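These notes are about the structure you will find just below.
There are 8 protein chains.
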Amino acid sequence: GRTGVAEAVLCDSKLPEQIAAILDQAIADRRRLLLTRLRPDQFHALPHSCRSGLDFDPSSRTAILGAPRPGREPKTGAVIVAAGTSDLAVASEAARTLSFHGYAAPVIADVGVAGLWRLMARLEEIRTARVVIAIAGMEGALFSVLAGLVEAPVIALPSSVGYGVAANGQAALHSALASCAPGVLAVNIDNGFGAAAAAIKILNLSS
Amino acid sequence: GRTGVAEAVLCDSKLPEQIAAILDQAIADRRRLLLTRLRPDQFHALPHSCRSGLDFDPSSRTAILGAPRPGREPKTGAVIVAAGTSDLAVASEAARTLSFHGYAAPVIADVGVAGLWRLMARLEEIRTARVVIAIAGMEGALFSVLAGLVEAPVIALPSSVGYGVAANGQAALHSALASCAPGVLAVNIDNGFGAAAAAIKILNLSS
Amino acid sequence: GRTGVAEAVLCDSKLPEQIAAILDQAIADRRRLLLTRLRPDQFHALPHSCRSGLDFDPSSRTAILGAPRPGREPKTGAVIVAAGTSDLAVASEAARTLSFHGYAAPVIADVGVAGLWRLMARLEEIRTARVVIAIAGMEGALFSVLAGLVEAPVIALPSSVGYGVAANGQAALHSALASCAPGVLAVNIDNGFGAAAAAIKILNLSS
Amino acid sequence: GRTGVAEAVLCDSKLPEQIAAILDQAIADRRRLLLTRLRPDQFHALPHSCRSGLDFDPSSRTAILGAPRPGREPKTGAVIVAAGTSDLAVASEAARTLSFHGYAAPVIADVGVAGLWRLMARLEEIRTARVVIAIAGMEGALFSVLAGLVEAPVIALPSSVGYGVAANGQAALHSALASCAPGVLAVNIDNGFGAAAAAIKILNLSS
Amino acid sequence: GRTGVAEAVLCDSKLPEQIAAILDQAIADRRRLLLTRLRPDQFHALPHSCRSGLDFDPSSRTAILGAPRPGREPKTGAVIVAAGTSDLAVASEAARTLSFHGYAAPVIADVGVAGLWRLMARLEEIRTARVVIAIAGMEGALFSVLAGLVEAPVIALPSSVGYGVAANGQAALHSALASCAPGVLAVNIDNGFGAAAAAIKILNLSS
Amino acid sequence: GRTGVAEAVLCDSKLPEQIAAILDQAIADRRRLLLTRLRPDQFHALPHSCRSGLDFDPSSRTAILGAPRPGREPKTGAVIVAAGTSDLAVASEAARTLSFHGYAAPVIADVGVAGLWRLMARLEEIRTARVVIAIAGMEGALFSVLAGLVEAPVIALPSSVGYGVAANGQAALHSALASCAPGVLAVNIDNGFGAAAAAIKILNLSS
Amino acid sequence: GRTGVAEAVLCDSKLPEQIAAILDQAIADRRRLLLTRLRPDQFHALPHSCRSGLDFDPSSRTAILGAPRPGREPKTGAVIVAAGTSDLAVASEAARTLSFHGYAAPVIADVGVAGLWRLMARLEEIRTARVVIAIAGMEGALFSVLAGLVEAPVIALPSSVGYGVAANGQAALHSALASCAPGVLAVNIDNGFGAAAAAIKILNLSS
Amino acid sequence: GRTGVAEAVLCDSKLPEQIAAILDQAIADRRRLLLTRLRPDQFHALPHSCRSGLDFDPSSRTAILGAPRPGREPKTGAVIVAAGTSDLAVASEAARTLSFHGYAAPVIADVGVAGLWRLMARLEEIRTARVVIAIAGMEGALFSVLAGLVEAPVIALPSSVGYGVAANGQAALHSALASCAPGVLAVNIDNGFGAAAAAIKILNLSS
Ligand SMILES: Nc1ncnc2c1ncn2[C@@H]1O[C@H](COP(=O)(O)O)[C@@H](O)[C@H]1O
Ligand SMILES: Nc1ncnc2c1ncn2[C@@H]1O[C@H](COP(=O)(O)O)[C@@H](O)[C@H]1O
Ligand SMILES: Nc1ncnc2c1ncn2[C@@H]1O[C@H](COP(=O)(O)O)[C@@H](O)[C@H]1O
Ligand SMILES: Nc1ncnc2c1ncn2[C@@H]1O[C@H](COP(=O)(O)O)[C@@H](O)[C@H]1O
Ligand SMILES: [Mg+2]
Ligand SMILES: [Mg+2]
Ligand SMILES: [Mg+2]
Ligand SMILES: [Mg+2]
Ligand SMILES: [Mg+2]
Ligand SMILES: [Mg+2]
Ligand SMILES: [Mg+2]
Ligand SMILES: [Mg+2]
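Residue numbers (our numbering), protein chains in the order written: chain Z, 32 to 238; chain S, 32 to 238; chain V, 32 to 238; chain P, 32 to 238; chain G, 32 to 238; chain H, 32 to 238; chain W, 32 to 238; chain Y, 32 to 238.
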């Protein structure tokens with residue numbers, strides 16, 4: 032892409048034949064391709080010729096067409112921090128998007144602020160990052176606590192984990208935007224692709 | 032009151048003559064009285080006979096009619112924790128309501144989570160409380176952090192400090208309700224009176 | 032837990048293998064464990080070794096690992112009041128959380144304010160409580176009526192029973208927060224676990 | 032009016048000269064007229080010839096042009112019940128609209144459900160009504176309690192008294208609509224004119 | 032009921048065994064009973080002894096236990112007006128509630144305001160009513176047009192028919208409440224039972 | 032403008048010196064200019080040299096720089112229909128925008144649907160239009176009624192007249208969008224400029 | 032229709048027998064008919080006699096009864112522009128509605144503003160239109176960009192494609208209404224029928 | 032600050048004496064200080080000793096205590112792009128925050144997408160940036176267009192410029208979050224300080 036990040040194919044509301052056509056074209060063009068929000072039922076409805084070339088991950092609902100260039104070490108710099116186990120699917124979408132662009136990122140999970148000592152125990156590791164993607168649902172207090180503790184830019188990725196007033200991620204999103212810690216950056220709810228795309232743009236700056 | 036807490040007079044939308052009539056009746060009955068949300072312009076429009084008997088505090092907009100019973104030591108047990116300086120007016124409404132009912136409560140301010148070490152420095156003091164009133168606007172991350180650190184029940188009192196998605200205290204309220212820390216209790220935005228009334232009911236249990 | 036209340040395992044969005052791993056660890060550590068929002072399909076997908084040690088209650092969607100310590104009488108002090116029969120699943124989540132922590136609580140149901148005499152008939156029983164958990168959906172008028180009648184702190188637990196403007200419990204939640212009765216405390220919609228956790232913190236104060 | 036209720040002149044966003052023109056026409060036609068939401072500054076900007084014929088009430092912001100027909104006893108049947116003193120301005124708008132149409136209605140105030148005994152003390156009087164207009168702000172629990180106690184139709188008139196989640200009357204409106212008591216009828220927030228208009232249509236049925 | 036309207040059994044979130052228990056008790060007491068929001072799957076899960084005594088109507092999801100008293104003519108006075116065919120299920124809930132209480136009401140459908148002449152063609156019939164229940168989804172313009180044309184009180188019953196900004200009946204509800212026609216009365220979205228209960232209270236006044 | 036409509040200067044949040052600079056440039060360029068949302072205080076703060084060339088209309092808060100080309104008859108085709116007197120300021124913004132572009136449009140006011148006969152009396156006149164701009168606040172029922180009666184495209188312009196659920200024009204906007212009459216087109220609340228701009232684009236098609 | 036556009040049959044919430052009755056009547060009257068929001072399960076539940084005469088398109092969920100008049104060339108003038116592939120179902124509803132009324136409209140897809148050059152490449156084609164229907168979900172930036180580039184009126188048709196804050200098309204709708212480009216016209220979310228109906232009314236003006 | 036960005040003093044809801052105390056302490060400590068949301072009336076209420084050391088800018092409502100270290104060239108890398116003139120106050124808050132931290136940033140204004148060629152004319156200049164702060168109110172289409180054209184990370188800063196559905200910046204915020212361009216990052220409405228703080232964290236990475 033002209034912007035340093037590849038456009039992904041958002042599969043959510045595409046028919047299998049539409050996805051297949053896009054894949055066939057990319058295969059013909061020998062282009063690598065990232066597919067997001069690809070449901071298992073959509074994947075299984077693809078013709079075998081398409082499916083066989085895809086690295087499909089059902090938990091993150093991403094698929095990657097085309098192998099990474101051989102001999103290339105993945106670049107580092109991003110760390111993904113998730114408040115709970117429930118946020119791992121979104122964390123995977125971010126990690127796979129980073130990986131597609133040549134970046135490896137560790138995922139540090141289950142460090143929500145209700146148990147602050149668990150977060151503190153991982154702080155040194157987090158502080159090695161040049162950019163942090165923080166994922167939380169419910170009330171999203173993790174964003175502010177983290178941003179007050181690290182120097183790197185923090186990308187807050189609210190997840191739709193929660194119920195009642197937190198249903199669909201609204202409370203976490205608002206915590207990200209209203210954070211009292213300077214410089215928290217937000218993306219849309221469950222937008223692991225977007226958080227990773229932004230992280231890549233930041234990491235690309237210094238490479 | 033039959034419920035262990037006195038009904039206060041909510042003055043916000045009462046005319047001065049209505050407030051004066053209530054005060055005159057209480058004076059005649061030799062009853063003590065707590066007035067809340069009394070604006071300075073309302074206070075100054077009261078007849079002098081009413082005003083002279085009132086202990087009026089413009090910052091919390093509360094007024095108290097009648098002296099506490101002499102020789103009574105204020106009871107302890109509540110601690111009020113405020114994230115920022117901007118939350119102090121609401122903190123005062125809570126403190127004055129507690130005081131009216133015979134309870135003294137220290138106010139610990141400017142301990143928002145963007146500077147976690149400031150909160151940690153006051154933690155021992157906060158842990159002496161039998162009930163904690165926590166006040167925060169913006170994203171209200173303080174509620175979850177605090178509730179993960181203390182054994183006492185935490186009453187989350189969202190304040191209307193904030194702008195954009197946090198305007199009018201909605202984001203802080205949602206953080207209180209969606210907190211991932213077990214057992215956070217919420218009252219309405221800016222409801223210092225209600226938070227104190229609940230704290231008093233809890234403190235009354237053990238006295 | 033450091034806060035007097037155990038962290039429960041919120042199972043809603045966890046995979047069976049993730050839940051099994053948590054259970055295996057607790058069994059190895061000989062720790063008791065409370066699981067909430069565990070759907071029957073999740074429970075039945077657990078390995079038999081996990082399932083057999085669990086006391087699973089499908090209506091409240093809770094499961095308890097580990098027997099209570101023998102010879103211990105359950106402590107009293109909490110009463111659960113539910114406006115309608117539809118609120119009983121939420122009431123059960125609260126009762127089971129209390130029970131896990133060694134507290135027994137009677138459930139008084141079908142006492143909504145449209146039939147005030149039904150509530151009045153149970154008032155003496157309710158007044159024995161040191162803390163009341165009140166559950167209501169629809170317009171949540173029960174919270175204010177009850178809080179005006181009892182001395183104990185009232186924890187308002189809005190349920191998602193309702194349609195139209197009451198859909199998903201919003202109207203009941205707002206009634207809890209805006210109550211004209213002093214000192215009503217609110218938790219998130221359908222949060223039986225949180226209401227019980229707060230009640231336990233309050234009951235622990237005096238024990 | 033063809034519907035048994037006169038169209039009123041909603042003055043809120045009309046210029047004084049527009050109001051004056053309407054009044055002059057009515058005077059020429061010898062028609063009686065009800066003006067609502069007429070602010071004092073608008074009233075005082077009217078030419079003296081208009082002002083002198085008007086019975087203006089600043090608290091309800093209504094004005095009436097033209098005397099009632101002499102020798103006519105006001106008809107009865109409606110009772111207005113207000114939860115708090117703060118609801119009295121809205122109560123007056125309703126009472127004045129009823130009066131304009133030849134109906135007298137007592138106003139029973141300060142009977143909110145936080146003090147249920149105050150409501151019970153006035154119940155016999157309320158039960159004489161053929162139609163009840165109930166006014167409440169905050170959480171609006173009064174609507175459900177009242178509708179469970181009287182046989183007459185209850186028109187719930189939410190007032191904009193309240194703050195936080197109750198700001199602008201939304202919580203009270205939702206309580207009216209979601210009431211668990213059968214047959215509560217709602218009008219818009221602060222719409223004393225509309226509540227009275229509906230009451231008049233009901234009372235007209237049997238006269 | 033003490034209020035002139037029977038409490039109905041709202042079955043939506045009740046288990047079949049709970050519904051059966053209520054029915055058995057009513058059969059034992061020889062009481063008639065109205066059940067609302069009873070889904071076919073719930074009805075079919077009832078024991079045969081319960082089902083056989085019930086007059087179940089799947090479209091309105093209502094069931095009636097017990098025959099009307101023989102020799103009684105249904106009373107008249109209510110008319111139900113529905114904007115579209117899609118509103119007929121809600122119309123049926125209202126009609127069946129009226130019927131349970133001894134009132135017959137014609138349903139006049141497909142008279143939405145986009146084809147005003149269709150409404151005008153039925154106006155004489157509508158004008159015979161002592162109370163009108165008007166049902167509309169989408170933008171709910173029918174409420175205002177009708178209320179400007181008839182003398183009887185108009186109960187606006189917004190239906191959840193619609194999409195986009197009209198999804199779930201919100202736009203129609205707001206049209207009912209904000210109507211520029213004096214005296215429109217509103218009930219909750221899809222609340223056919225409530226609209227009928229209110230109509231019955233009004234009709235009972237004059238009988 | 033390249034789109035057949037001139038960009039207007041939205042003055043709402045501009046400083047007088049910013050507006051003056053824009054005007055000076057236009058005068059130097061001998062360009063005509065339309066200014067919208069220009070408050071009287073802003074107008075009066077402009078230097079005299081700017082003010083003298085402006086045709087300022089305080090009610091619509093518009094100002095026009097430069098005379099229409101002489102000898103040109105204004106073109107016809109648009110009709111503006113306003114539900115109430117309160118909508119006249121918005122109607123003027125639309126009319127002045129049309130006039131700036133060489134179109135004259137009659138304003139037909141006070142024809143809200145609560146008095147349907149008033150609308151019917153003006154129908155022939157309205158039916159002469161090639162495009163209708165319909166303005167209504169409150170519940171906006173006018174949009175649907177009108178669109179069902181005329182062949183021309185109807186541009187619904189919701190006004191912010193209203194209170195309670197209609198506050199700020201939301202209810203009227205939703206009625207416009209959810210209209211059951213085919214082909215109603217909506218613009219933003221109070222956007223008289225935008226409604227006129229769209230009307231001009233439509234009228235330009237056939238000229 | 033009296034308005035130049037046929038009323039379509041909105042099938043969404045109609046029973047198959049209700050749809051069949053409408054079709055039978057139209058067949059008897061030899062009228063053409065457009066059905067919208069007809070789900071495949073509804074279509075297949077129709078009696079064969081109905082189905083055989085229908086031209087059903089499952090992607091747009093429209094069906095057409097009756098052939099176009101032979102020898103008639105479809106009229107031109109409308110162009111449909113869709114931001115993404117996901118918007119094609121809504122685009123089809125609009126195209127089929129136009130076609131039913133004798134208008135042919137090309138669909139230009141996958142020209143969202145994230146890749147501005149793709150839109151620019153099609154601009155000449157779009158500029159041939161007398162009216163443009165623009166479809167976009169997510170943030171709907173396409174509406175403003177397009178309206179700044181073409182002279183024809185632009186009808187913005189927000190689609191429900193999106194998640195998080197864009198769920199259900201709200202963000203795109205608000206972009207349409209708040210557009211800084213003069214004269215964007217909006218219809219309800221996913222309302223392909225309405226957008227086409229409005230376009231037809233505009234195209235009819237000049238034919 | 033420990034995070035590479037100084038905590039600023041948010042003055043909005045602080046009393047002048049509170050601000051003065053903070054300033055006096057900073058003067059005593061010889062610390063530089065950034066004050067945001069300082070209204071002129073607050074500034075003028077400060078004691079002269081405080082005021083004289085402050086560089087106050089009324090348009091951005093920021094004040095800076097303490098001169099930049101002499102001889103230091105401001106660092107470059109950020110560019111601020113504003114859609115309209117109305118966004119300039121927010122742009123200034125961002126620019127002043129950057130300046131306080133030693134970064135200079137040009138402001139490119141009046142390049143909203145309704146006039147795309149104006150944006151294109153400045154594109155080369157914008158492409159020199161290592162991080163772009165984009166400011167827009169109304170529908171915020173600028174964010175997506177810009178992010179599709181530049182390689183640098185784009186921080187979307189929605190402004191509260193707008194009315195109707197765009198009032199208070201909500202529509203622009205949602206456009207930022209729902210952008211179809213990969214990697215747009217959002218901050219709260221009107222949060223110029225936060226956008227700059229995030230930009231500084233990004234720029235600090237490479238210095
Ligand atoms: N998961 C995702 N969330 C947000 N945007 C996405 C996602 N996946 C792809 N996109 C972007 O959304 C657009 C998808 O467009 P299309 O695949 O053409 O419908 C492209 O600009 C993608 O880069
Ligand atoms: N600041 C406050 N917030 C919430 N409720 C209050 C407040 N002050 C008083 N109240 C209660 O609100 C009610 C006010 O009633 P009244 O003064 O009679 O209108 C009483 O039940 C008071 O206890
Ligand atoms: N306070 C009020 N609330 C609601 N509607 C009103 C009120 N006062 C008058 N109206 C109605 O609103 C319309 C006012 O129209 P107009 O005075 O012509 O702008 C008429 O139909 C009145 O009957
Ligand atoms: N009253 C109005 N409502 C909506 N848009 C307007 C209005 N007046 C002017 N505009 C448009 O808003 C933009 C104003 O931009 P500017 O004057 O540069 O801040 C231009 O595209 C105008 O055509
Ligand atoms: Mg965890
Ligand atoms: Mg501070
Ligand atoms: Mg019951
Ligand atoms: Mg009172
Ligand atoms: Mg129809
Ligand atoms: Mg009028
Ligand atoms: Mg695409
Ligand atoms: Mg401009």
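Idealized CB from N, CA, C, for every residue including glycine.
Here the structure is a predicted model, which means the values were calculated and not measured.
> In whole angstroms, what separates the C-alpha of H/F174 from that of H/I233?
Replying inline: 19 angstroms
> How would you list, in chain order, the residues of chain P whose beta-carbon sits under 8 angstroms from the beta-carbon of G/L147?
Replying inline: Within 8 angstroms Cβ-Cβ: nothing; G/L147 doesn't reach chain P, min ~17 angstroms.
>> So for G/L188, helix, strand or coil by DSSP?
In response: Three-state DSSP puts G/L188 in a strand.
>> Rounding to the nearest angstrom, what Cα-Cα distance links G/N235 and P/T93 in this structure?
In response: Each residue's CA atom was taken as its position, placing G/N235 and P/T93 some 33 angstroms apart.
>> Below 8 angstroms on the Cβ atoms is my contact criterion, and I expect G/D118 with G/G168 to pass it. Report the Cβ-Cβ distance as a whole number of Å.
In response: 6 angstroms
>> P/V176 and V/V144 - do their beta-carbons sit closer together than 7 angstroms?
In response: Contact flag set, yes.
>> Which residues does DSSP list as the beta-bridge partners of G/Y134?
In response: G/K106
> Got a sec: is the Cβ-Cβ distance from V/G84 to anything in chain G below 7 angstroms?
Replying inline: no
> Quick one, are the C-beta atoms of P/V123 and P/S91 less than 7 angstroms apart?
Replying inline: Checking the sequence, you will find Ser at residue 123 of chain P rather than Val. Taking 7 angstroms as the Cβ cut-off, P/S123 and P/S91 qualify as a contacting pair.
> In three-state terms, what does DSSP make of H/L64?
Replying inline: strand
>> Quick check on DSSP: helix, strand or coil for S/D118?
In response: Looking at S/D118 - three-state DSSP - the assignment turns out to be helix.
> By Cβ distance, which residues of its chain are closer than 6 angstroms to G/A202, with the 5 residues on each side in sequence left out?
Replying inline: E170 and V196
> Which chain S residues are close to Y/K19, counting only those with a beta carbon under 7 angstroms from its beta carbon?
Replying inline: Here chain Y covers residues 32 to 238 and nothing more, so residue 19 of chain Y does not appear.
>> Quick check: the stretch 98–116 of chain G against the stretch 149–160 of chain G, are at least 3 beta-carbon pairs closer than 8 angstroms?
In response: yes
> Mind checking if W/Q56 is an interface residue toward chain G, Cβ cutoff 7 angstroms exclusive?
Replying inline: no
>> Using only CA atoms, which one of W/V215, W/I220, W/C211 and W/G225 lies nearest to H/V215?
In response: W/G225
> Since V/V40 sits in a beta bridge, which residues does DSSP pair it with?
Replying inline: V/L66
>> In this structure, how does DSSP classify H/T128 when only helix, strand and coil are distinguished?
In response: helix
> Name the chain H residues whose beta carbon is nearer than 8 angstroms to that of W/I233?
Replying inline: P184, I233 and L236
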